[in-house]
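S.K.: In this note's numbering, the protein residues as written are 2 to 98. C-beta: ideal position from N, C-alpha, C; glycine also. The model shown is predicted, which means the values in this text are computed figures rather than measured ones. Dropping a structure here in structure tokens format, bear with me for questions.
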């Protein structure tokens with residue numbers, strides 16, 4: 002955008018459509034270019050244990066029973082899931098649509 006004022010009387014314009022070319026559709030190879038996905042089995046197992054303990058904690062909380070052991074188990078499962086993330090993974094080919 003430009004404005005013409007008494008101090009700036011020159012207006013310049015560039016025609017960007019002068020050398021316009023119509024875009025074309027090209028085929029692109031996708032197979033093999035997506036790589037692999039590593040699923041950390043240790044973290045998945047700890048996440049499953051975490052979910053079970055969380056359900057058990059919820060039931061015991063509703064029954065007004067002690068929660069210390071389950072709470073400690075939740076903390077241990079969460080720490081183990083985070084610590085086990087880089088280890089013992091299963092490699093799966095990344096799915097493509």
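Contact between the region 35-43 and the region 6-19: three or more CB pairs below 8 Å?
M.R.: With the cut-off at 8 Å, the region 35-43 and the region 6-19 do not touch.
S.K.: Hey, out of 30, 51, 86, whose CA is closest to residue 77's CA?
M.R.: The shortest C-alpha separation from residue 77 is found at 51.
S.K.: I need the DSSP call for residue 90, collapsed to helix, strand or coil.
M.R.: Of the three classes helix, strand and coil, the one that applies to residue 90 here is strand, per DSSP.
S.K.: Would residue 72 and residue 58 qualify as a contact pair, given that the criterion is a beta-carbon distance under 8 Å?
M.R.: Yes.
S.K.: Quick one: what's residue 41 bridged to in DSSP?
M.R.: Paired residue(s): 90.
S.K.: Less than 8 Å between the CB atoms is what I'm expecting for residue 47 and residue 85, so what's the real figure, rounded?
M.R.: Residue 47 to residue 85, Cβ: 6 Å. Contact.
S.K.: Nearest to residue 93 by CA position, among 38, 56, 82, is which residue?
M.R.: Ranking 38, 56, 82 by Cα distance to residue 93 puts 38 first.
S.K.: Select from 74, 64, 65 the residue whose C-alpha is nearest the C-alpha of residue 55.
M.R.: When each option's Cα is compared against that of residue 55, the closest is 74.
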